[in-house]
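Residue numbers (the numbering used here): 8 to 263.
Taking it in order: structure first as structure tokens, then the write-up.
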């Protein structure tokens, strides 16, 4: 029986908490960590199997891997950074795209049924990785003074308001940007999982009551949510990597 007395086990924050599978020296290893580890193994195994013994005439698996690799390379990296500047960042962006996508896709996989990205620690680590690369590239490309000008948008032609603009840009780029980069992925996966759990649990609850017709409607909504989540999962991986590429492109661009 739920706290509200109606018997409906409404989803909430408890849906994102898991008991440890095992504990070693105070370190707790839970389901989310297992799925993150499996994500790494899936991505590494897939690309190793596809490109480990690459052929001139590719097989089906190599063709699929090449299509995914080329999608990120041409559709995201080259479009934002250009071929010359972006080529060295392609492996990073491809790895990040597929890592995020698989983390998200666990949400609709039986037994797993949980998107790793809905735990904010994972998007935060990825956003911090992009943040460190962006800041490092900025100062490496432009030097100390030029790097700060690039980050703050300092421009003498703006006149008296240049300091205000620089302060806003400094706050936006160094403080707000990594936060929004992480939260955008986290919030979409968190909300999507919550909605999916709600309709799934509601279908089961209604099916075991006198409101069986309503259970059918809830089940249809569950299927619709799964299909919608499959779309959102790919989009969120795309958006995260697109923003990462855009940030690095900004670091590479000449300051005017």
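Cβ atoms here follow ideal geometry from the backbone N, Cα and C, with glycine treated the same way.
Item	Value
C-alpha gap between residue 29 and residue 115, whole angstroms	25 Å
Bridge partner(s) assigned by DSSP for residue 31	34
Validate contact between the stretch 173-182 and the stretch 106-123 using beta carbons, cut 8 Å, 3 pairs	no
Presumed contact (8 Å Cβ cut-off) between residue 96 and residue 84, rounded CB distance	6 Å
Between the CA atoms of residue 148 and residue 256 - distance to the nearest angstrom	11 Å
Span separating the alpha-carbon of residue 245 from that of residue 74	15 Å
Delimiting residues of the alpha helix (DSSP H) encompassing residue 102	97-112
Backbone secondary structure at residue 91 - three-state DSSP	helix
For residue 239 and residue 199, believed in contact at Cβ under 8 Å, the rounded distance	6 Å
Residue 147, enclosing alpha helix (DSSP H) - first and last residue	128-159
Residues near residue 42 by beta carbon distance below 8 Å, same chain, minus five either side	110, 113, 119, 121, 123
Own chain, CB closer than 7 Å to residue 250, minus 5 neighbours either side, in chain order	188
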